[in-house]
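J.: One structure follows; several queries about it will come next.
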Amino acid sequence: MSKANFEKLRIYRLSEELSDQIWNVVVPWNSFAKDTIGKQLVRAADSVGANIAEGSGRGSPVDYQRFLRIARGSLCETLHWLRRAYMRKLLTAVQVKELRLVIAELAPSLNAYLRSMSRSVTSNSRSSPVASTTRSTN
């Protein structure tokens, strides 16, 4: 199986790094912590990369943008669960700092990629003959 284009994206590789780091932090937690915050945190982090991948396979730039926005929302959810885990003393300040370093790199990169996709969609719709036709109301 050949590599899909999304696997070459920096944002996708960063999302994998974040997911793997979070997984490694959550695995040693006790069963209650894993079943509550742990599963939510892992799912939110995994959802970032999953939405980047799924959006890239949709074939439509508009769909891709929608999935990139969902990925951004999942990244914000990941931050929420990191805060909860820290406040409940499941994560140390050092662990949170390390995870936030990846997020600090991923978030602006994801936003920049989304903006570039938006410009691409906008410029394509302007040059489309369908977008430039007007309907007569007669």
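Under numbering that gives the first Met the number 0, the first residue of the sequence shown is numbered 0, with each subsequent residue one higher. All residues carry an ideal CB built from backbone N, CA and C; glycine is no exception.
In angstroms, rounded to a whole number, what distance separates the CA positions of VAL24 and GLU76?
T.: Indexing the sequence shown from 1 puts residue 24 at position 25. Indexing the sequence shown from 1 puts residue 76 at position 77. Their backbone Cα atoms lie some 17 angstroms apart in a straight line.
J.: Can you give the Cα-Cα distance for LEU17 and ALA70, rounded to whole angstroms?
T.: For the purposes of this step, residue 17 is taken as residue 18 along the sequence shown, with counting starting at 1. For the purposes of this step, residue 70 is taken as residue 71 along the sequence shown, with counting starting at 1. Whole-angstrom Cα-Cα distance: 13 angstroms.
J.: Per DSSP, what kind of secondary structure is ASN23 in: helix, strand or coil?
T.: Along the sequence shown, one-based indexing puts residue 23 at 24. Here ASN23 sits in helix by DSSP.
J.: When you compare the segment 87-101 with the segment 48-66, are there three or more beta-carbon pairs, one atom per stretch, that lie closer than 8 angstroms?
T.: Verdict: no, contact absent.
J.: Taking DSSP as the reference, what is the three-state secondary structure of LYS138?
T.: Given that the chain is displayed from residue 0 to residue 137, the structure contains no residue 138 and the question cannot be resolved.
J.: If the criterion is Cβ atoms closer than 9 angstroms, does the pair GLY54 and GLN64 meet it?
T.: For the purposes of this step, residue 54 is taken as residue 55 along the sequence shown, with counting starting at 1. For the purposes of this step, residue 64 is taken as residue 65 along the sequence shown, with counting starting at 1. Closer than 9 angstroms, so yes.
J.: Tell me the DSSP secondary structure of ASN110 in three-state form.
T.: Against the sequence shown, residue 110 aligns to sequence position 111. It is helical.
J.: Could you tell me the alpha carbon to alpha carbon distance between TRP28 and ASP34, rounded to whole angstroms?
T.: Locating residue 28 in the sequence shown gives position 29, where the first residue counts as 1. Locating residue 34 in the sequence shown gives position 35, where the first residue counts as 1. Roughly 9 angstroms between the two C-alpha positions.
J.: Note down the Cα distance separating ALA32 from SER119, rounded to an integer number of angstroms.
T.: The count along the sequence shown starts at 1 and reaches residue 32 at position 33. The count along the sequence shown starts at 1 and reaches residue 119 at position 120. Cα to Cα, ALA32 sits roughly 43 angstroms from SER119.
J.: What does the alpha-carbon distance come out to for the pair VAL61 and LYS96?
T.: For the purposes of this step, residue 61 is taken as residue 62 along the sequence shown, with counting starting at 1. For the purposes of this step, residue 96 is taken as residue 97 along the sequence shown, with counting starting at 1. Those two C-alpha atoms are separated by around 34 angstroms.
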